[in-house]
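For reference, the structure discussed in these notes is given below.
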Amino acid sequence: MAQNRRWRGLHWPSLFLMTGLCAFGVMVIYSATHTSESVDLRNAAIQQAAWVGLGLVCFFLLSFSDYHRWVAQGWFWFAAGLFLLLLVLVFGREVNGAKSWIRLGPVGFQPAEVMKLAFLAGACALLVSLRERMEQFRTVLALVGLALIPVILILRQPDLGSAAVFMPMCFGLLFAGGTRLRYLLIPAGAGLAAVLAIYIYVGQMGKELPFLKTYQNNRIRTFFDPNLDPLGAGWTIRQSIIAIGSGGVSGKGYLRGDQNLYGFLPKNIAYNDFIFSVLGEEWGFFGGAALILGQAGLLLCIAWIGWHAADFPGRLLAGGILGMLFTHFFINVGMTIKVVPITGIPLPFVSYGGTFLAVCMAAMGLMQSIWRQRQLG
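Under our numbering, residues 15 to 391 are what the sequence shown spells out, in order.
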């Protein structure tokens, strides 16, 4: 009887949406890699399926745990995340120009992705201790200051995409915590000011940001004008737009995307950062719209769970997770259609990448824990 009650306590709509997105992701990853000359790329769909299995383990472990204990240990997890970020700067492996991977035998993982959950734990612990002062300006500054610690370390790798997620997470945490609306303009204004400064400094003045590598500065430059380097940094975004546009309303069909099959969309990024381009070409407007609706539905489920959370820590967790997943979703889809610069950020539950997938599924496990605690009393 107790076991049946446990399963009844799950939030089934979010579970179905999450597993559906994961399964769809494995399908699209296979399409993006099955003709590759690289054995590793051809095996990417199998590896992603294995990561889905590991992610489900993380999901159910956290679903049937008490999220209050996780928040109570927040400073420990935050310190552990910082330790991993320091470790990767010393012993990390460089991939695609960023020293962001730690390899343990045959398995590699990205500490920057793990840090997103570790920061969430530390941030919740901080805000719980400052609950009576949530409406004070110093609380906002304390949270932003906490976020800047991992951001600076991640920019040292450099990984601009992962670093960009922390301020939206702060926004979600502060909003869920009941901070005065005018104070929410601080993380939002900081993000907009950074975008404007980058636009003027890199896009208009043609200079390079010192904490980014040359190719990353070129990505920003060619966002404003792809014709500056049409066969180099501007190639990917042009091919992405061509791929999505050529998909039309219903797409060219599964495994039939020319831009992907013939390598116009680079094979080494089509299955992760530009998975939406592959999907758009093969599944067309209907497929892209279905994916966006699935992601939006999952975000709404998180908002619903957070709105009905039994207590303050539950609302905080929901706000932070919502900020993290929405930012990934918006930036990933946006960069494939030239709404935001290419930053190398994966699409939740769909893009190839074991660490981020496990982190996303663990985050959804925490959401289930919040819902179960409320349902089970």
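All C-beta atoms in this analysis are idealised placements derived from N, C-alpha and C, irrespective of residue type, glycine included.
In this structure, LEU174 places its C-beta atom within 7 Å of the C-beta atom of THR357.
Leaving aside the five residues that flank GLY69 on each side, the residues in its chain whose CB is nearer than 6 Å to its CB run, in chain order, LEU371, ALA372, MET375. Membership of ALA37 in the alpha helix (DSSP H) is indicated by the continuous run 26-47.
In the three-state reduction of the DSSP assignment, GLU108 falls in the strand class, which pools E and B. Short of 6 Å from the beta carbon of ARG386, and not among the five residues preceding or following it, lie these beta carbons of its own chain, in chain order: GLY23. Between CYS315 and the set ASP80, MET381, PRO125, ILE163, the nearest pair of CA atoms involves MET381.
Scanning its chain for C-beta atoms nearer than 6 Å, with the 5 sequence neighbours on each side dropped, one finds around GLU127 the residues THR369, PHE370, VAL373, in chain order.
When beta bridges are read from the DSSP output, VAL121 appears opposite LEU118.
In the DSSP annotation of this structure, LYS266 is not part of any alpha helix (DSSP H), being labelled neither H nor E. When the alpha-carbon of GLN309 is set against those of CYS36, ALA332, TRP26, the nearest one is in CYS36. For GLN171, no alpha helix (DSSP H) encloses it, and the DSSP letter there is neither H nor E. In the DSSP assignment, PRO360 falls outside any alpha helix (DSSP H) and carries neither an H nor an E. Here the C-alpha atom of THR341 lies approximately 21 Å from the C-alpha atom of VAL292. In terms of Cα proximity to ALA207, the closest of ALA178, ILE116, LEU195 is ALA178. Between the stretch 327-344 and the stretch 182-193 there are three or more inter-stretch CB-CB distances shorter than 8 Å, so the stretches are counted as touching. The alpha carbon of ARG56 has as its nearest neighbour, out of ALA63, GLY67, TYR44, the alpha carbon of TYR44. Nearest C-alpha to ALA204 among VAL109, VAL353, PHE180: PHE180. In this structure, LEU134 and ILE319 do not form a Cβ contact; the two beta carbons are roughly 15 Å apart against a cut-off of 8 Å. In the three-state reduction of the DSSP assignment, LYS221 falls in the coil class, being assigned neither a helical nor a strand state.
Boundaries for ARG270: no alpha helix (DSSP H) harbours it, and the DSSP string shows neither H nor E there.
For the options LEU140, ILE351, ARG107, the alpha carbon positioned closest to that of ILE251 is the one of ILE351.
Counting along the chain, no alpha helix (DSSP H) covers GLN87, and no H or E run does either. DSSP places LYS130 within a helical segment (H, G or I) once states are collapsed to three. PRO27 counts as exposed, since fewer than 16 other C-beta atoms from the protein chains shown sit within 10 angstroms of its C-beta. By the Cβ neighbour-count rule, PHE123 is buried, with 16 or more other Cβ atoms within 10 Å of its own. Beta bridge pairing from DSSP links LYS352 with no other residue. Looking at the DSSP output, LYS113 sits in a beta bridge with GLU108. For the pair VAL40 and PHE74, the Cα-to-Cα distance works out to about 20 Å.
Spatial neighbours of VAL263 in its own chain (CB-CB distance under 7 Å, excluding positions within 5 residues in sequence) are listed in chain order as GLY298, PHE299, PHE300. Taken through DSSP and simplified to helix, strand or coil, LEU305 comes out as helix. Rounded to whole angstroms, the Cβ separation of LEU160 and GLY186 is 14 Å, and the two are not in contact under 8 Å.
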